[in-house]
Amino acid sequence: MRYRNDDLLLRIAQGDAYGAGFEYVKRENRVHWAKHRMDRYVRHPTHNCCGDYTDDTQMSIAVAEVLLAGPPFTREAFADAFVRCFKRDERDGYARGFQGFLESVQDGREFLARIRPDSDKNGAMMRAVPIGVLPRLDWVLEVAELQAKITHDTFDGIRSAQAAALLAHRALWTDTPLDQLCTNSVLAMFSGRWRGEVRGDRQRGLSVARATAHAVYDLVAHSTTLREVFQRGTAFGGDVDSVLAVAVGISSCRLRDPLPEFLERDLEVLENVEDARVKSRTPKPYGVPFLKDLGKRLMDKYAPAAG
70 MRYRNDDLLL
80 RIAQGDAYGA
90 GFEYVKRENR
100 VHWAKHRMDR
110 YVRHPTHNCC
120 GDYTDDTQMS
130 IAVAEVLLAG
140 PPFTREAFAD
150 AFVRCFKRDE
160 RDGYARGFQG
170 FLESVQDGRE
180 FLARIRPDSD
190 KNGAMMRAVP
200 IGVLPRLDWV
210 LEVAELQAKI
220 THDTFDGIRS
230 AQAAALLAHR
240 ALWTDTPLDQ
250 LCTNSVLAMF
260 SGRWRGEVRG
270 DRQRGLSVAR
280 ATAHAVYDLV
290 AHSTTLREVF
300 QRGTAFGGDV
310 DSVLAVAVGI
320 SSCRLRDPLP
330 EFLERDLEVL
340 ENVEDARVKS
350 RTPKPYGVPF
360 LKDLGKRLMD
370 KYAPAAG
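Residue 70 is where the sequence shown starts when you use the numbering used here, and the numbers rise one by one after that.
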């Protein structure tokens with residue numbers, strides 16, 4: 070592995086938590102958008118949490134735990150992990166219908182028996198970044214497809230997940246410059262610059278998954294600092310927590326510029342409030358220490374395979 074990244078899960082969570090404050094906020098809400106200054110986590114106008122990560126990170130954690138336990142990697146292992154991670158740390162942030170589904174199932178077997186895997190949204194992509202640690206390209210594509218088909222067995226659902234995993238793999242394992250990663254047919258369909266909000270458009274035949282993949286590739290290929298990824302990714306608008314979770318996670322494998330202290334200090338803490346003056350912080354059970362440990366163990370397992 071050329072660019073070991075012990076903070077992979079932490080960076081995913083930081084992008085997710087910062088973007089969550091602006092997810093689908095209307096442009097007309099200028100007072101809220103004026104808070105996009107990268108100096109604190111911002112409370113969403115309609116959500117109670119501030120500085121907490123969402124489903125993007127929780128499902129990335131589930132994928133990382135499967136990667137630590139395997140191989141082999143199976144549908145059952147991923148489904149069990151999705152349910153286990155949600156049940157031990159229930160939180161808002163999931164699509165309403167899927168959250169209700171997770172609340173109603175007891176284990177992976179029931180999950181697989183009842184799920185309707187016909188979504189073309191970005192849920193399979195948002196959790197696929199950790200798959201990039203696998204040392205072989207064919208494994209990366211196969212595992213990304215395997216986990217995607219559980220919930221997003223559609224062309225865009227699968228391809229976008231493969232794109233995220235492949236970008237992460239190349240960022241970790243190769244010396245290819247970030248702006249030259251688009252040399253694979255999976256990635257080529259998402260190349261080009263992205264403009265506007267990250268959302269689906271049925272009239273144009275644009276799924277949320279495809280829009281997210283385009284936006285992520287734009288950020289990874291055309292940003293020179295992590296701070297720029299945060300700034301530009303948030304400014305897109307739309308589903309920016311998913312965009313930032315994926316793009317910050319991938320970009321952090323190469324870009325190591327210092328980030329504002331609040332991104333780590335105020336992430337997943339019990340006293341988290343929208344007030345930079347509050348200094349006392351107690352980490353939640355699946356907060357920063359957990360994320361750092363998980364990232365390190367993931368790298369410890371797969372980095373030696375570079376030889």
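Beta carbons are placed, not taken as given, at the ideal position from N, Cα and C, and that holds for glycine.
Predicted model only: the values in this text are computed from it and were never measured.
Query, Result
"CA-to-CA distance, A150 to E134, given in whole angstroms", "7 Å"
"Per-residue burial, K156 [other beta carbons within 10 Å of its own, 16 or more giving buried]", "exposed"
"F299 to A233 span [Cα, whole Å]", "17 Å"
"Rounded separation between K348 and E337 - CA only", "Residue confidence is low: K348 scores 47 on pLDDT, short of 50, so the model does not pin down where it sits. Its coordinate-derived value is still stated next. C-alpha separation (whole angstroms): 14 Å."
"Closest residue to E330 among L77, Q83 and R71 (Cα-Cα distance)", "Q83"
"Three CB pairs or more closer than 8 Å across the segment 181-189 and the segment 207-225", "yes"
"Inter-residue spacing [alpha-carbon to alpha-carbon] between P327 and G364", "18 Å"
"Bridge partner(s) assigned by DSSP for L275", "D270"
"Validate contact between the segment 203-216 and the segment 172-183 using beta carbons, cut 8 Å, 3 pairs", "no"
"Inter-stretch contact (C-beta, 8 Å, three-pair minimum) for the segment 318-325 and the segment 282-300", "yes"
"Collapsed DSSP secondary structure at G84 in the structure displayed", "helix"
"Run of the alpha helix (DSSP H) containing V209, from where it starts to where it stops", "L206 to T220"
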